[in-house]
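Asker:
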Amino acid sequence: MSAVPETGPQPDQRPALRRCVAGDPEEFASNYWGSRALLSPAAELAGGGGAPASEVSGFSDLFSLDAVDELLSRRGLRTPFLRIAKNGSVVGDNQFTGPGGVGAEIGDQVQDDKVAALFASGHTVVLQALHRTWPPLVDFATQLSSEAGHPVQINAYITPAESQGFSAHYDVHDVFVLQVAGEKHWTVHEPVHVDPLRNQPWTDHSKAVAEAASTEQPVVDAVLRPGDALYVPRGFLHSAKALGGVSAHLTVGLHTMTRYLLVQELAALAANVPDLRSALPLGFDPGDPHQLAPELEKVVALFAEHLQTATADDLTDRLRRRTWSGNRPAPLAPLAHAATIANLAVGDTLRLRPGLRHRLVPGDPVLLHLPDRTISFPANTAEAVTQACSGTPFAVGDLPGLSSEDQLVLTRRLLKEAVLVASPT
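Mapped onto full-length UniProt numbering, the consecutive letters of the sequence shown carry residue numbers 1 to 425.
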């Protein structure tokens, strides 16, 4: 039997993506993804639950200035969950962190009074990894990552009036900018280094970046207001300046998987070729082109032969381990989940854990590939496991091909593996 493809959202079922880009998601995928910037006014975006963004006050259901204050004053944040910068220069952590106080043997907890003083003096506050610390954004990142197929991170930039946190630069991942509060003037230019990899930062091209930002015609020159969104592909130069009041925006970063990733994994698989593991000659000087040339010729031939025999099946296990863990699935409440396992009964409603990357391969045994492991089940459970992992809630007792007692055994196992969770009533 062939593998059952991982179920993904259909083009018209992408609620998180529709909050980031106006129009048809398929048109965005074909005409903008990775190649063109896109400005999406609030009136053209879908809001929470599919409503127009204007009906949920922009992105206020995801984040707000009140949320910023709560994170900075009441959540016990530590570095690196916070950065502070001004005019492109990042402030040292010791200027806004300190001891956690009695019972907290740490020295890098965010100090709200120090942050307040820096913000009042024109510094930009950057809250990092909000996809791990702020519940609405945890859920949003889980959903968007599932829809886009690429790992997602979320930062927030809070900038005082008439201030600029960072000068023109490019990112090594794609970003959606979601304007939460205030107004910010954005300028976006074409790349000076197309499709940069993660080890190719903008500082490697700082002179060309500065020249292009000051002389070239921008592809986007616009003011973002609450509810507006902007898509900036990796490599595109961008800078932003807050206007008449405090500005806050979310930067939703997609850590783009590239074709170069496949090249890296193909090279890693070459470790299985004995001749490519053999030693170079004794006394070999790698700095001598005359000595290097014949060895390079041998390696190229061996590697070319390796490439001709490599298959997708050879790469999938490695790529799963490397990429599926980029975003964690939806949070799991340990105590409530343990109670679900202990009290599981026929009739209880369960569902696949939202955001869990998986692939089911029917056979004998049935294999369920997860980000960090593969678990197996008897062949006679194939239909039941397929339905349980389909994403549609189900009642224990309603799965096909198994008795109620066997369904209890199967679903309890899937609960213990954190594949299934209790479905909300």
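Where a beta carbon is used, it is the ideal one built from N, C-alpha and C, also for glycine.
Roughly how many whole angstroms lie between the Cα atoms of E27 and E44?
Answerer: Walking along the sequence shown from the start, residue 27 turns up at place 27. Walking along the sequence shown from the start, residue 44 turns up at place 44. Going from the Cα of E27 to the Cα of E44 covers about 15 Å.
Asker: Hey, how far is the Cα of I106 from the Cα of L65?
Answerer: Walking along the sequence shown from the start, residue 106 turns up at place 106. Walking along the sequence shown from the start, residue 65 turns up at place 65. The straight-line gap from Cα to Cα measures roughly 27 Å.
Asker: If you reduce the DSSP assignment to three classes, tell me which class Y260 lands in.
Answerer: Stepping through the sequence shown from its first residue, residue 260 is reached at position 260. If DSSP states are grouped into helix, strand and coil, Y260 belongs with the helices.
Asker: Who are the Cβ neighbours of A418 in its own chain at under 7 Å, not counting the five residues just before and after it?
Answerer: Here residue 418 corresponds to residue number 418 of the sequence shown, with the count starting at 1. Closer than 7 Å at Cβ, skipping near neighbours: L332 and R353.
Asker: Sorted by chain position, which residues of the same chain lie with C-beta nearer than 7 Å to G347's C-beta, five sequence neighbours on each side aside?
Answerer: Position 347 of the sequence shown, counted from the start, is the residue given in the question as residue 347. These residues qualify, in order along the chain: A395, V396 and G397.
Asker: Taking just the CA atoms, how far does Q200 sit from T172?
Answerer: Your numbering for residue 172 matches position 172 in the sequence shown. Your numbering for residue 200 matches position 200 in the sequence shown. First, the amino acid is wrong: residue 172 is Val here, not Thr. Their Cα atoms are separated by approximately 7 Å.
Asker: Find out if the Cβ-Cβ distance for the pair G253, P196 is shorter than 7 Å.
Answerer: The sequence position of residue 253 within the sequence shown is 253, counting from 1. The sequence position of residue 196 within the sequence shown is 196, counting from 1. No, these two residues do not count as a Cβ contact at 7 Å.
Asker: Taking the alpha carbon of G34 as the point to measure from, which residue in Q153, E190, L127 and V385 has its own alpha carbon closest?
Answerer: Numbered from its first residue, the sequence shown carries residue 34 at position 34. The shortest Cα separation from G34 among Q153, E190, L127 and V385 belongs to E190.
Asker: Could you tell me the distance, in whole angstroms, from the CA atom of L82 to the CA atom of L72?
Answerer: In the sequence shown, residue 82 corresponds to position 82, counting from 1. In the sequence shown, residue 72 corresponds to position 72, counting from 1. So the two alpha carbons sit approximately 9 Å from each other.
Asker: Where A330 and L399 are concerned, what is the direct C-alpha to C-alpha distance, given to the nearest angstrom?
Answerer: Numbered from its first residue, the sequence shown carries residue 330 at position 330. Numbered from its first residue, the sequence shown carries residue 399 at position 399. Near 24 Å, if we compare the C-alpha coordinates of L399 and A330.
Asker: In this structure, what does DSSP give as the bridge partners for W186?
Answerer: Reading the sequence shown from its first residue, position 186 is the one you call residue 186. In the DSSP output, where bridge partners are listed per residue, W186 has A222 and A240.
Asker: State the start and end residues of the unbroken alpha helix (DSSP H) segment that holds Q308.
Answerer: Counting from one through the sequence shown, the residue named residue 308 turns up at place 308. Here the alpha helix (DSSP H) through Q308 covers P289 to T309.
Asker: Nearest-angstrom Cα distance between T311 and T411?
Answerer: Taking the first residue of the sequence shown as 1, we reach residue 311 at position 311. Taking the first residue of the sequence shown as 1, we reach residue 411 at position 411. Going by the C-alpha atoms only, they are around 34 Å apart.
Asker: For a test of the three-state rule: what should DSSP assign to F81, helix, strand or coil?
Answerer: The count along the sequence shown starts at 1 and reaches residue 81 at position 81. It is coil, neither helix nor strand.
Asker: Determine the extent of the alpha helix (DSSP H) in which residue 435 is found, giving its start and end residues.
Answerer: Nothing in the structure corresponds to residue 435, since the chain is present only between 1 and 425.
Asker: With DSSP run on the structure shown, which of helix, strand or coil describes I375?
Answerer: Against the sequence shown, residue 375 aligns to sequence position 375. Note: I375 maps to strand in three-state DSSP.
Asker: With a threshold of 8 Å, are at least 3 pairs of Cβ atoms found where one atom belongs to the segment 312-331 and the other to the segment 375-392?
Answerer: In short, these stretches do not touch, since the Cβ pair count stays below three.
Asker: Which class does V409 belong to by DSSP, given the choice of helix, strand or coil?
Answerer: Translated into positions along the sequence shown, residue 409 becomes position 409. Helix at V409.
Asker: Taking the alpha-carbon positions, what's the A168 to A22 distance?
Answerer: Taking the sequence shown and counting its residues from 1, the one referred to as residue 168 is at position 168. Taking the sequence shown and counting its residues from 1, the one referred to as residue 22 is at position 22. Computed Cα separation, rounded: 25 Å.
Asker: In this structure, does DSSP put T392 in helix, strand or coil?
Answerer: Numbered from 1 along the sequence shown, position 392 holds the residue referred to as residue 392. Correct three-state label for T392: coil.
Asker: If you reduce the DSSP assignment to three classes, tell me which class Q109 lands in.
Answerer: Your numbering for residue 109 matches position 109 in the sequence shown. Strand.
Asker: Tell me whether Q308 is buried or exposed, calling it buried when 16 or more other Cβ atoms sit within 10 Å of its Cβ.
Answerer: One-based indexing of the sequence shown puts residue 308 at position 308. Exposed is the call here.
Asker: Can you look up R359 in the DSSP assignment and give me helix, strand or coil?
Answerer: Here the question's residue 359 lines up with position 359 in the sequence shown. Note: R359 maps to strand in three-state DSSP.
Asker: Do three or more CB pairs link the segment 87-95 to the segment 106-121 at distances below 8 Å?
Answerer: With a cut-off of 8 Å, the segment 106-121 and the segment 87-95 count as touching, because enough Cβ pairs lie within range.
Asker: Round the Cβ separation of A37 and Y231 to the nearest angstrom and send it over; I've been treating them as touching at under 8 Å.
Answerer: For the purposes of this step, residue 37 is taken as the residue at position 37 of the sequence shown. For the purposes of this step, residue 231 is taken as the residue at position 231 of the sequence shown. That belief holds up - the Cβ atoms of A37 and Y231 are roughly 6 Å apart, short of 8 Å.
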